[in-house]
Each structure stands twice: as structure tokens, then as C-alpha cells.
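Chains as they are written, first to last, in the working numbering: chain A, 9 to 452; chain B, 113 to 291. This report refers to the structure that appears directly beneath it.
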Amino acid sequence: MAAGNYLPTAELTASGRPVLYPGEIESSLLSSVDLLSEENPNFPHLKSGLLILTNHRLLWLPNSTPVSSPTPVHIPLSAVSHIFSLKKSIKSVFSTPRIRFQVSVTSEGRVDEKGLRSIVIALVLRGKSDPEAFLGKFWEALKVRAWEEIKVGASGAEAGSSSGSRSGEGSLALRMPVVGVAGILRKEQEMWESTDKSLQDAFQDLNALMSKAKEMVMLAEKMRLKLLAGSNNQATGAAEDELGTKEEMQDWLLSVGIASPVTKESAGALYHQQLSRQLADFVRIPLERAGGTINLIDVYCLFNRARGTELISPDDLLQACSLWEKFDVPVMLRKFDSGVMVIQNKAHSDDEVFARIRSLVTKPDALQSGVSASDAAMTLGVAPAMAKEYLLTAEGKGLLCRDISPDGFRFYINLFQDINSDDVYLVRDYSIYAAWISTNSISR
Amino acid sequence: MQKLGEFKLPHFFNYPPYFTLQPVRDTREKQVQLWKELIIEYCRAQKVFIIGLEEDFPLFSNRAIERSLSHEARVAFLSALVSDGRAEWTDKGHKKCLILWHRIQEWADLIVHFVKENGLEDNVMTVEEIRSGTESRGTELYGIDRSVLMRALKLLEHKGKLVIFKGTSTDDEGVKFSL
Numbered sequence: 009m010a011a012g013n014y015l016p017t018a019e020l021t022a023s024g025r026p027v028l029y030p031g032e033i034e035s036s037l038l039s040s041v042d043l044l045s046e047e048n049p050n051f052p053h054l055k056s057g058l059l060i061l062t063n064h065r066l067l068w069l070p071n072s073t074p075v076s077s078p079t080p081v082h083i084p085l086s087a088v089s090h091i092f093s094l095k096k097s098i099k100s101v102f103s104t105p106r107i108r109f110q111v112s113v114t115s116e117g118r119v120d121e122k123g124l125r126s127i128v129i130a131l132v133l134r135g136k137s138d139p140e141a142f143l144g145k146f147w148e149a150l151k152v153r154a155w156e157e158i159k160v161g162a163s164g165a166e167a168g169s170s171s172g173s174r175s176g177e178g179s180l181a182l183r184m185p186v187v188g189v190a191g192i193l194r195k196e197q198e199m200w201e202s203t204d205k206s207l208q209d210a211f212q213d214l215n216a217l218m219s220k221a222k223e224m225v226m227l228a229e230k231m232r233l234k235l236l237a238g239s240n241n242q243a244t245g246a247a248e249d250e251l252g253t254k255e256e257m258q259d260w261l262l263s264v265g266i267a268s269p270v271t272k273e274s275a276g277a278l279y280h281q282q283l284s285r286q287l288a289d290f291v292r293i294p295l296e297r298a299g300g301t302i303n304l305i306d307v308y309c310l311f312n313r314a315r316g317t318e319l320i321s322p323d324d325l326l327q328a329c330s331l332w333e334k335f336d337v338p339v340m341l342r343k344f345d346s347g348v349m350v351i352q353n354k355a356h357s358d359d360e361v362f363a364r365i366r367s368l369v370t371k372p373d374a375l376q377s378g379v380s381a382s383d384a385a386m387t388l389g390v391a392p393a394m395a396k397e398y399l400l401t402a403e404g405k406g407l408l409c410r411d412i413s414p415d416g417f418r419f420y421i422n423l424f425q426d427i428n429s430d431d432v433y434l435v436r437d438y439s440i441y442a443a444w445i446s447t448n449s450i451s452r
Numbered sequence: 113m114q115k116l117g118e119f120k121l122p123h124f125f126n127y128p129p130y131f132t133l134q135p136v137r138d139t140r141e142k143q144v145q146l147w148k149e150l151i152i153e154y155c156r157a158q159k160v161f162i163i164g165l166e167e168d169f170p171l172f173s174n175r176a177i178e179r180s181l182s183h184e185a186r187v188a189f190l191s192a193l194v195s196d197g198r199a200e201w202t203d204k205g206h207k208k209c210l211i212l213w214h215r216i217q218e219w220a221d222l223i224v225h226f227v228k229e230n231g232l233e234d235n236v237m238t239v240e241e242i243r244s245g246t247e248s249r250g251t252e253l254y255g256i257d258r259s260v261l262m263r264a265l266k267l268l269e270h271k272g273k274l275v276i277f278k279g280t281s282t283d284d285e286g287v288k289f290s291l
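Written out as C-alpha cells, the structure reads:
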């Protein structure tokens with residue numbers, strides 16, 4: 009198909025993404041679009057491709073990359089002279105929507121902005137699309153004429169550098185007064201005019217920016233829907249490069265701040281994996297300082313503060329921690345019965361903590377009056393809230409018993425297991441019970 | 113060793129956690145068991161038949177360690193005794209609990225033993241005499257709760273071992289043994 013004769017080729021990257029010009033921004037993607045000319049049968053009929061509207065061009069990329077597929081092409085917006093509005097008729101409700109626009113072509117029929125003839129091109133939107141929205145963007149892009157900014161810039165530079173040599177030429181140019189009051193007035197006028205123009209340009213930019221923002225959100229939404237539809241259609245077998253694009257799109261969507269549209273059960277988007285590793289590295293030092301256990305909420309604050317910008321949500325944090333199970337990192341997420349979640353060193357095993365609690369709670373003063381969470385905190389070198397969680401866990405394991413009184417919430421070594429229910433007066437020598445009794449009898 | 117009246121208290125009576133209802137299942141089981149035993153033995157020794165939950169039952173507090181059982185704990189331990197058949201709630205509101213350190217059947221056996229020991233097989237006695245007469249002094253029957261005694265007697269009556277007959281007043285209720 010000699011599309012190259014009629015339409016300029018569009019350059020692609022190695023992974024099939026279009027190579028964009030400086031300042032070129034994509035504003036709309038439509039899938040399954042045919043590009044043809046209804047009036048000229050010789051004009052290439054490009055079927056079911058990906059149509060990309062940017063602020064500079066319309067690109068048409070083929071759907072898949074078998075060897076025989078057509079080459080990707082583009083139509084510079086500068087060649088578009090008119091866009092037709094959508095025909096609204098009974099017929100149009102049921103038929104595939106078509107967008108028609110007029111482009112300038114050379115006498116050979118090649119699309120070119122300087123062409124003197126014109127031809128009408130139609131886009132047949134066969135995929136899921138919102139023709140009205142696309143049309144709106146197309147109009148907008150045409151109106152803003154973003155490609156001219158660059159050219160103005162380029163030609164402005166040119167004019168500046170060559171004005172020296174041109175001053176003698178241009179006999180048709182009017183001679184502007186540069187001296188006298190008229191000159192001053194003239195200079196002021198020029199200044200006003202250029203300020204005015206740059207203000208106008210700036211506002212153009214602002215408008216463009218605002219509309220872009222809206223477009224981005226709509227685009228992202230469409231992407232999400234497309235991905236969801238894509239994942240539902242897996243049975244039909246997606247082409248390989250489509251899946252590649254899918255991952256790219258996922259990453260891109262996540263970086264824009266939208267949650268991964270793929271379900272949670274999928275192997276965790278790359279974002280969470282990266283975050284997970286970064287978190288494991290970051291958390292090492294705070295963990296040491298905190299004695300091996302740190303509350304998840306504290307990690308959330310510390311991590312976000314360290315990041316400065318690009319803050320993560322609590323949900324991101326939780327996901328990142330859950331992924332640790334899959335990697336070989338020296339930290340783990342641990343949930344206590346009370347629901348409190350902490351991050352702790354894997355090396356910092358429970359048995360070791362319990363051993364320390366046990367020795368703490370069998371000391372003479374602890375035998376006599378028990379330990380509180382703050383006492384344990386000092387010995388274990390962790391925060392009191394963490395210490396309490398450990399004490400409660402130890403209690404759950406039967407190591408400790410609680411004592412609740414006006415004095416507060418305290419823990420004692422569990423003596424119940426040492427007491428013989430068949431003979432409640434029996435005390436085994438050298439048992440903890442015996443030790444406790446002797447400690448208590450001293451004071452009472 | 114601490115004493116409550118004449119009753120010798122075990123060492124763990126001074127263990128503060130003993131007075132806090134333990135949440136951990138195994139620990140709680142042990143705690144309940146110890147309290148059940150303690151209550152029974154104390155009541156047996158002090159001849160306490162009724163424990164009022166809203167009254168100051170000496171066993172439920174330990175001034176030395178400044179601890180006492182919460183209402184919830186008291187209900188928990190007494191209910192455990194009730195489940196074992198060693199106690200009964202006397203009211204719907206669970207405010208008073210009858211402690212049967214001897215089950216009714218055991219009391220009945222004690223009565224039979226008492227009657228035989230004292231050669232009273234064909235005699236007639238008033239209920240009051242059984243409770244507080246000279247023969248019963250020094251036996252477990254002495255000072256028995258009247259309602260418990262009546263239930264034991266009724267049990268024996270049902271078995272045909274005796275007949276209860278009413279006197280002119282409740283004080284005169286009498287029993288004719290026919291063992």
C-alpha cells in the first residue's frame with residue numbers, strides 16, 4: 009500500500025510509541041479507527057488502527073505489527089483547513105460514527121499544508137468512542153495552533169539575527185520614526201503591543217493548560233476503561249504488543265495518581281513493587297532507633313516526611329508492606345490481636361522478646377508489684393504502646409497474667425500454672441511460685 | 113499464712129491477678145477452678161450457705177493487697193459453681209446464691225447416718241431439733257440452712273425413709289423416721 013505517497017510517515021519508538029515533536033502533547037487516543045477518503049478511491053484506506061490526536065498532528069498507527077501491516081502515518085494539523093460537524097440523522101444513530109475534515113493536498117494528492125487542492129478525509133470510529141468529545145478536542149487543537157508557537161519562536165529568532173542585514177532592504181516597508189517625540193510615543197506603543205501579545209499568548213497557554221488538564225483526566229478514565237475491557241477480553245487473546253502497552257499504561261496511570269485499574273489480586277503493579285523495596289530500605293534506620301518494632305502509623309509519617317512530595321496514601325503503604333512477603337527483605341509487617349500493626353525486624357523474633365519479658369517479670373520487685381507497659385518499654389527499648397502489645401501477646405501465650413486495679417494495668421508472671429488444684433496449699437520447691445511467696449512474705 | 117476467721121487461706125490469695133478476671137482462656141479456666149474450690153471450702157468451714165452478691169463477702173476481698181473481685185468476676189465464679197451443681201441462685205436477679213458444699217443427696221445421706229448413729233430409726237423429731245438439737249452438735253448437720261434441710265428431708269420422704277408432718281407452726285414441723 010503506497011500510503012507514503014499520500015500521507016507522511018509517522019516515526020515510532022522501539023516499543024511502538026510515536027516519536028513526538030518538541031512541545032507536542034497527545035490529547036486523545038481512539039482505537040479501531042479507519043482512515044480513508046470517501047471521494048478518492050486511490051487514497052489509502054487504512055483499517056482499524058490507533059488514532060492519536062496531538063496538538064500538532066493526527067497520527068494513525070496500525071493495530072498490530074505483522075510484517076505486512078501498513079506503515080504508521082500522520083496528518084499535520086496545519087494541513088487541516090476545515091472540520092465538518094457531525095451529521096445528526098436517524099441513520100447516524102445506528103451507523104458507525106464518522107469524522108470528516110478537509111485537508112490541503114498537492115496536485116499529486118499528497119497531504120501537505122502548502123497544497124493548493126483539498127480533499128475530504130473521513131475517520132470511521134469503530135471502537136468505543138465519544139465522537140463529540142473527540143471532535144471538540146480536534147477543534148480545540150486546530151484553534152490553538154500549537155505548532156505555530158514553535159515556528160514563531162524559530163522565525164522570531166531568525167528575524168532578529170537577520171534584521172541587521174535586512175535594514176537596507178524591504179523597500180515596501182514603511183520607515184518608522186525612531187527619534188523625537190514621535191519616536192518615544194512609537195516605542196511606547198510597540199511596548200504596549202508586545203506586552204498585550206504576550207499576555208494574550210499567556211492566556212492562550214493557560215486556556216490550553218486548563219483544557220489539557222480536563223483532557224488528561226478524561227483520557228486517564230478512558231485508559232482505565234480500556235484496560236478493564238482489555239482484561240475482560242483476555243479470553244479472545246490480546247496481541248503481544250497490546251499487553252506491553254497495557255503495562256505502560258498502567259504505570260502511566262499510576263504516576264498520574266490514579267490507582268491501578270487491574271484488580272488487587274494481580275501481581276501488584278510495578279509501582280507498588282518499587283515502593284515496597286524503597287520502604288524496606290528506608291525503614292531500616294528508624295527501626296533500629298525504635299528498638300526493632302515501630303508502629304505502622306509512625307512509619308507512614310516518617311516515610312512521607314522523607315519523601316517530601318509524591319506522598320503515598322495509607323493504602324499504598326499497606327500494599328507495599330504486604331508485598332514484603334514476596335521479596336527477601338529483613339523486615340515484616342505484623343498485626344497484633346488488638347488490630348495494631350507494626351513493622352518489625354525479622355531477626356527481632358517474638359521468642360527473644362518473651363525471654364526478655366520473662367526475665368523482667370521474675371525479678372524481685374516485679375514479682376512483688378508486677379510490671380506496667382512503661383516499665384517494659386524501658387527494658388525492651390521500645391515505645392510504651394509497643395511494649396503493651398508485646399505484654400498482651402505474652403499474656404495470650406500464658407506467660408503473664410493481668411492485674412487491673414486503681415493502681416493501673418499491670419502484668420505479673422503467670423503463677424496459675426504453678427498452682428496445684430488438687431492441693432492448693434502445695435508449693436513446689438524452687439518454683440517461681442515459691443520465689444514469689446518468699447518475695448511477698450518479706451514485705452508483708 | 114493468712115486466715116479468714118479460722119479458715120486457712122492459700123498463698124495465691126495474695127496474688128493480685130487472682131482478683132482480676134483473666135481474659136486468656138486457659139488462664140481463666142485455672143482461675144475459675146481455684147475460686148470454685150476456695151468458695152466451697154470456705155463455706156464448708158464457715159458454714160456459709162448463702163452468698164449475697166451485693167454484700168461484703170469476706171472471701172471476695174483481700175485488704176492486704178487492696179484488691180477485691182468485681183461484680184462481673186463474682187457472677188462468673190458463682191455461675192461456674194451453679195453449672196457444676198454445687199450452687200443455686202435463689203432469685204431471678206442472681207443476687208443471692210445458695211452454696212451446696214454438700215449436694216442435697218449428700219445431706220440426705222448425712223441425715224440417714226445421723227439417725228442411725230443416734231439410734232433414732234423409729235423416732236420422731238422436730239426439724240428444729242435436727243438442726244440445733246444436742247445430738248446434732250458437733251456434726252455437720254448443726255446449723256444447717258433450714259431450706260436445705262427441708263429439701264433433703266423431702267428427698268428422703270420421697271424415698272419412703274421418713275414422713276414429714278406439720279405441727280401447729282413451722283417450728284413444730286416434725287419428722288417420723290422409718291429407715
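Backbone N, C-alpha and C define an ideal beta-carbon position, used for all residues, glycine too.
B:Ala185, buried or exposed, once every other Cβ within 10 Å from all chains shown has been counted against 16: Taking the first residue of the second sequence as position 1, residue 185 of chain B is located at position 73. The residue is buried, with at least 16 neighbouring Cβ atoms inside 10 Å.
Checklist entry - So is A:Pro269 buried or exposed if we call it buried at 16+ other beta carbons inside 10 Å? => result Sequence index remark: in the first sequence, residue 269 of chain A carries index 261 (1-based). Low local confidence applies: a pLDDT of 37 at A:Pro269 is under 50, so the model's placement there is unreliable, and no value is given.
Rounded to whole angstroms, how far is the Cβ of A:Leu131 from the Cβ of A:Leu43, which I believe are closer than 8 Å?
Within the first sequence, numbered from 1, the residue matching residue 131 of chain A stands at position 123. Within the first sequence, numbered from 1, the residue matching residue 43 of chain A stands at position 35. About 6 Å separates the two Cβ atoms, so the contact holds.
By the 9 Å beta-carbon criterion, what residues does the segment 215-243 of chain B contribute toward chain A?
none
ask   = Straight-line CA distance for A:Ser36 to A:Gln281?
value = Here residue 36 of chain A is taken as the residue at index 28 of the first sequence, counted from 1. Here residue 281 of chain A is taken as the residue at index 273 of the first sequence, counted from 1. Cα to Cα, the separation comes out at about 30 Å.
**Q.** Unbroken alpha helix (DSSP H) run spanning B:Phe125, endpoints
**A.** Residue numbering aside, residue 125 of chain B sits at position 13 when the second sequence is read from its first letter. From DSSP, B:Phe125 is part of no alpha helix (DSSP H); its letter is neither H nor E.
Tell me whether A:Gln376, by its Cβ, gets closer than 8 Å to a heavy atom of the ligand ATP. This structure lacks the ligand ATP; in fact it carries no ligand of any kind.
Reference B:Tyr154, options B:Asp203, B:Ile211 and B:Pro129, closest by Cα: The count along the second sequence starts at 1 and reaches residue 154 of chain B at position 42. Looking at the Cα atoms, B:Ile211 is the closest of the given residues.
**Asked** Quick one: is A:Ala243 buried, meaning 16 or more other Cβ sit within 10 Å of its Cβ, or exposed?
**Response** What you label residue 243 of chain A is simply residue 235 of the first sequence in a count that begins at 1. Low confidence applies to A:Ala243: its pLDDT is 44, below 50, so where it sits in the model is not reliable, and the reading given next is rough at best. Label assigned to A:Ala243: exposed.
Using a C-beta to C-beta distance shorter than 9 Å, which residues of chain B count as neighbours of A:Val432? As a working note, residue 432 of chain A is residue 424 in the first sequence. Ordered by position in chain B, the residues that pass the 9 Å Cβ test against A:Val432 are Pro122, His123, Phe124, Leu146, Glu149, Leu150 and Glu153.
task: Kindly say whether B:Phe172, judged by its beta-carbon, lies nearer than 9 Å to any beta-carbon of chain A.
output: Counting from one through the second sequence, the residue named residue 172 of chain B turns up at place 60. Judged by the 9 Å Cβ criterion, B:Phe172 is not in contact with chain A.
request  = Tell me whether A:Tyr438 is buried or exposed, calling it buried when 16 or more other Cβ atoms sit within 10 Å of its Cβ.
outcome  = If you number the first sequence from 1, residue 438 of chain A lands on position 430. Answer is exposed; the Cβ neighbour count stays below 16.
Quiz prompt | Local Cβ density within 10 Å of B:Gly279, reported as buried at 16 or more and exposed below that | solution = The residue you call residue 279 of chain B lines up with position 167 of the second sequence. Exposed is the label assigned to B:Gly279, since fewer than 16 other Cβ atoms lie within 10 Å of its Cβ.
Item to complete: Check whether the Cβ of B:Val136 lies closer than 9 Å to any Cβ atom in chain A.
Response: Here residue 136 of chain B is taken as the residue at index 24 of the second sequence, counted from 1. By this cut-off, B:Val136 is an interface position.
*asked:* Ignoring anything shorter than 4 residues, give me the alpha helix (DSSP H) runs that lie fully in the segment 313-383 of chain A, in order along the chain.
replied: 322-331, 358-369 and 372-377
query: What in chain B is Cβ-close to A:Leu423, meaning under 7 Å?
result: On the first sequence, position 415 is the one that residue 423 of chain A refers to. Ordered by position in chain B, the residues that pass the 7 Å Cβ test against A:Leu423 are Phe124 and Tyr127.
Exercise. How close, in whole Å, do the beta carbons of B:Phe131 and B:Ser195 come, if the pair is a contact with beta carbons under 8 Å?
Worked result: On the second sequence, residue 131 of chain B is found 19 positions in, with the first residue counted as 1. On the second sequence, residue 195 of chain B is found 83 positions in, with the first residue counted as 1. Between B:Ser195 and B:Phe131 the Cβ distance is about 22 Å, and since that is not below 8 Å, they are no contact.
Show which residues of chain B have a CB atom less than 8 Å away from the CB atom of A:Val339. Counting from 1 along the first sequence, the entry for residue 339 of chain A is found at position 331. Chain B residues near A:Val339: none, gap ~29 Å exceeds 8 Å.
* Asked: If you run the structure through DSSP and keep just helix, strand and coil, what is A:Arg174?
  -> Taking the first residue of the first sequence as position 1, residue 174 of chain A is located at position 166. Note that A:Arg174 scores a pLDDT of 40, beneath 50, so its modelled location is shaky; the value from the coordinates is reported in the next line. Helix at A:Arg174.
Since A:Gln110 sits in a beta bridge, which residues does DSSP pair it with?
-> Residue numbering aside, residue 110 of chain A sits at position 102 when the first sequence is read from its first letter. A:His90 and A:Val128.
message: Which residue wins for smallest C-alpha separation from A:Gly378, given the options A:Ser206, A:Asp430 and A:Asp415?
response: Taking the first residue of the first sequence as 1, we reach residue 378 of chain A at position 370. Here the closest residue by C-alpha is A:Asp415.
Please state whether DSSP places B:Trp213 in a helix, a strand or coil. The residue given as residue 213 of chain B occupies position 101 in the second sequence. If DSSP states are grouped into helix, strand and coil, B:Trp213 belongs with coil.
With 9 Å set as the bound, which would you pick, yes or no: does the beta-carbon of B:Gln158 sit closer than that to a beta-carbon of chain A? For this step, residue 158 of chain B is matched to residue 46 along the second sequence. For B:Gln158, the answer is no, since every Cβ of chain A falls outside 9 Å of its Cβ.
- Message: Residues in the same chain with beta-carbon distance under 8 Å from A:Gln352, minus the five sequence neighbours each way, listed in chain order, please.
- Response: For the purposes of this step, residue 352 of chain A is taken as residue 344 along the first sequence, with counting starting at 1. Here the set comprises Leu295, Gly300, Thr301, Ile302, Val339, Met340 and Arg342.
Taking the alpha carbon of A:Glu19 as the reference point, which residue from A:Pro80, A:Leu94, A:Arg285 and A:Gln327 has its own alpha carbon closest?
By one-based count along the first sequence, residue 19 of chain A stands at place 11. For the residues A:Pro80, A:Leu94, A:Arg285 and A:Gln327, the minimum Cα distance to A:Glu19 belongs to A:Pro80.
Checklist line | Burial state of A:Trp147 (16 or more Cβ within 10 Å) | finding: Your numbering for residue 147 of chain A matches position 139 in the first sequence. So A:Trp147 ends up on the exposed side.
| As assigned by DSSP and simplified to three states, the class of A:Asp213 | The residue you call residue 213 of chain A lines up with position 205 of the first sequence. Helix, per DSSP.
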